[in-house]
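Here the structure comes first, spelled out in structure tokens, and everything after it is commentary.
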Amino acid sequence: MSSTKTQAVRASATLSLPTAALGVTFGVLAAPILGALPAIVMSAVVWSGGAQFGALTVLTGGGGVGLAAGTGLLANARFVPMGIGFAPSVSGSPVRRALAAILVVDASFALAHRGEGRFDPEVVVWSAPLQYLGWVLGTIAGALGASTLASPTSLGLDVLFPVFYLGLLLPELRAAGRPLAVAVAAAVVALALVPITPEGVPVLAAAATALLGLKGQP
Amino acid sequence: MTWVLILALAAGTIALKVVGPLIAGGAAPPPALTRVIALLTPALLTGLVITSTFASSHDLVIDARAAGVGLGLALLLLRTPLLVALVAAAATAAAIRMLI
Numbered sequence: 117m118s119s120t121k122t123q124a125v126r127a128s129a130t131l132s133l134p135t136a137a138l139g140v141t142f143g144v145l146a147a148p149i150l151g152a153l154p155a156i157v158m159s160a161v162v163w164s165g166g167a168q169f170g171a172l173t174v175l176t177g178g179g180g181v182g183l184a185a186g187t188g189l190l191a192n193a194r195f196v197p198m199g200i201g202f203a204p205s206v207s208g209s210p211v212r213r214a215l216a217a218i219l220v221v222d223a224s225f226a227l228a229h230r231g232e233g234r235f236d237p238e239v240v241v242w243s244a245p246l247q248y249l250g251w252v253l254g255t256i257a258g259a260l261g262a263s264t265l266a267s268p269t270s271l272g273l274d275v276l277f278p279v280f281y282l283g284l285l286l287p288e289l290r291a292a293g294r295p296l297a298v299a300v301a302a303a304v305v306a307l308a309l310v311p312i313t314p315e316g317v318p319v320l321a322a323a324a325t326a327l328l329g330l331k332g333q334p
Numbered sequence: 807m808t809w810v811l812i813l814a815l816a817a818g819t820i821a822l823k824v825v826g827p828l829i830a831g832g833a834a835p836p837p838a839l840t841r842v843i844a845l846l847t848p849a850l851l852t853g854l855v856i857t858s859t860f861a862s863s864h865d866l867v868i869d870a871r872a873a874g875v876g877l878g879l880a881l882l883l884l885r886t887p888l889l890v891a892l893v894a895a896a897a898t899a900a901a902i903r904m905l906i
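Order-wise, the sequence lines are chains H and E. Per the numbering used here, the very first residue in the first sequence carries number 117; after that it's consecutive. Per the numbering used here, the very first residue in the second sequence carries number 807; after that it's consecutive.
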């Protein structure tokens, strides 16, 4: 086992805790709306909190399936620029690059960042199994226990994700190339858009503040 | 209809993940694009932190989440291990919700 691989598995073990907590939350909220089995299957085949919570929010609010699918996929539109950024770091054939890109999730994308736009694809690949298991097993626990479990928010599970993302964000802010200015801009954009745009747009627009990098180094 | 939604989300998500590599190929991007890509991680993470802390559907709220996340941030800045920060943040949010 290479050291990158060991590190990736270890890092993704810490990372699978908030993922599982979020999975439980999704299961609890989705089971009454979708049914327990569809909620579990959704986590197993979609494997994306952003898209699933986006779609669920629309359905819960009485929206149709078309709007729910559109909202869910809008929440995932960030994977297009993320894929463009990640692909050149993967050696081998286009098929290999595409397969590695399918395994990318927000957390492993951040963990795999080696600075200056380079990524370690091994980190993405070896974080994937525990990330996937955490998400799916969490959903199963939430969906089946929906009526008996204490609500996930009463346990404070919903704060695990932002704190976890902060843990990934702080080291990024110490890098060269004005990441702090970009993070401040991203925060302002996200806050401004939450009240007025569909689910998913604030995060997508926040990610777009990375375009400030086009202006060149100070 | 639920199954149609599940299928659409699954197929759509895979398509979104694959389209980037298919456009970009394996070529090293020009320097300006490299800078943008390097900044994509902090920009994306900030957006996720902000929305998952302050957004409640379409409202901005300061509630038990903000208190928990604030404590988590403080602990991380003091270089507390991530796992400790996570547990402390969740416990804080849970305690506040129990009290009010």
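Cβ coordinates follow ideal geometry from the N, Cα and C atoms, glycine included.
Going by beta carbon distance, what residues of the same chain come within less than 7 Å of E163 (chain H), once the five residues before and after it are set aside?
With the sequence shown as reference, residue 163 (chain H) is identified as Trp, and Glu is not the correct amino acid for it. For W163 (chain H), where only same-chain residues beyond five positions count, the Cβ hits under 7 Å are Y248, W251.
Cβ contact (3+ pairs, closer than 8 Å) linking the stretch 310-320 of chain H and the stretch 149-164 of chain H:
no
M785 (chain E) and V181 (chain H): beta carbons closer than 8 Å?
Because chain E is modelled from 807 through 906, residue 785 (chain E) falls outside the range shown and cannot be assessed.
Which class does A155 (chain H) belong to by DSSP, given the choice of helix, strand or coil?
helix
Between P129 (chain H) and chain E, is the shortest Cβ-Cβ distance under 8 Å, so that the two count as touching?
The identity of residue 129 (chain H) in the sequence shown is Ala, whereas the question assumes Pro. For A129 (chain H), the answer is no, since every Cβ of chain E falls outside 8 Å of its Cβ.
Verify the CB distance criterion: does L811 (chain E) have a CB-CB separation below 8 Å to chain H?
yes
Check whether the Cβ of T325 (chain H) lies closer than 8 Å to any Cβ atom in chain E.
yes
Nearest chain H C-beta to V825 (chain E) closer than 8 Å, yes or no?
Output row for V825 (chain E): interface = yes.
Within 10 angstroms of its Cβ, does A211 (chain H) collect 16 or more other Cβ (buried), or is it exposed?
Here residue 211 (chain H) is Val; the residue named in the question, Ala, does not match the sequence. Result: exposed.
Quick one: which residues of the stretch 236-251 of chain H get their C-beta closer than 8 Å to a C-beta of chain E? List them in chain order.
none
What is the DSSP secondary structure of S862 (chain E), counted as helix, strand or coil?
strand
Assuming contact is defined by CB atoms lying nearer than 8 Å, are R841 (chain E) and G329 (chain H) in contact in what I supplied?
Taking 8 Å as the Cβ cut-off, R841 (chain E) and G329 (chain H) qualify as a contacting pair.
Where DSSP assigns a beta bridge to F235 (chain H), which residues make up the other side?
H:H229
Bounding residues of the alpha helix (DSSP H) (the contiguous stretch that carries G316 (chain H))
Element bounds for G316 (chain H): n/a, residue is neither H nor E.
Please compile the residues from chain E whose C-beta is within a distance smaller than 8 Å of the C-beta of S132 (chain H).
The premise fails here: S132 (chain H) is roughly 12 Å from chain E at the closest Cβ pair, so nothing lies under 8 Å.
When we look at the beta-carbon of P334 (chain H) and count the other beta-carbons within 10 Å, is it buried (16 or more) or exposed?
Low confidence applies here, because P334 (chain H) scores a pLDDT of 48, under 50, leaving its location unreliable and the question unanswered by this model.
What is the C-beta distance between A217 (chain H) and P827 (chain E), in whole angstroms, given that I count them as a contact (C-beta under 8 Å)?
Yes, they are in contact, since the Cβ atoms of A217 (chain H) and P827 (chain E) sit about 5 Å apart, within 8 Å.
Span separating the alpha-carbon of T269 (chain H) from that of S207 (chain H)
42 Å
Under the three-state DSSP convention, the category P197 (chain H) falls into
helix
Tell me which residues share the same chain as D274 (chain H) and place their Cβ nearer than 7 Å to its Cβ, disregarding the 5 neighbours each side in the sequence.
T141, P268
For chain E, check one thing: does any of its Cβ atoms lie closer than 8 Å to the Cβ of A167 (chain H)?
For A167 (chain H), at least one C-beta of chain E is nearer than 8 Å to its own C-beta.
Check the Cβ of I218 (chain H) against every Cβ in chain E and list those closer than 8 Å, keeping chain order.
I820, K823, V824
Decide if P311 (chain H) is buried, meaning its Cβ has at least 16 other Cβ atoms within 10 Å, or exposed.
Looking at its Cβ environment, which holds fewer than 16 other Cβ atoms inside 10 Å, P311 (chain H) is exposed.
Measuring straight from C-alpha to C-alpha, what distance separates R213 (chain H) and A203 (chain H)?
Between the alpha carbons of R213 (chain H) and A203 (chain H) lies a gap of roughly 6 Å.
Between the stretch 852-884 of chain E and chain H, which residues of the former have a C-beta closer than 8 Å to a C-beta of the latter?
Along the stretch 852-884 of chain E, going in chain order, the ones with a CB nearer than 8 Å to a CB of chain H are T852, G853, L854, V855, I856, T857, S858, T859, F860, A861, S863, H864, D865, L866, A870, R871, G874, V875, G878, L879, L882, L883.
Per-residue contacts from V890 (chain E) into chain H (C-beta, under 7 Å):
Against V890 (chain E), chain H offers no close residue; the least beta-carbon distance is about 11 Å (beta-carbon pairs closer than 7 Å).
Would you mind giving the Cβ-Cβ distance between A137 (chain H) and A259 (chain H), rounded to the nearest angstrom? I have them listed as a contact below 8 Å.
Incorrect: roughly 14 Å between the Cβ atoms, too far for contact.
Nearest neighbour of G831 (chain E), chosen from H:V279, H:V196, H:A152, H:P154 [CA to CA]
H:V196
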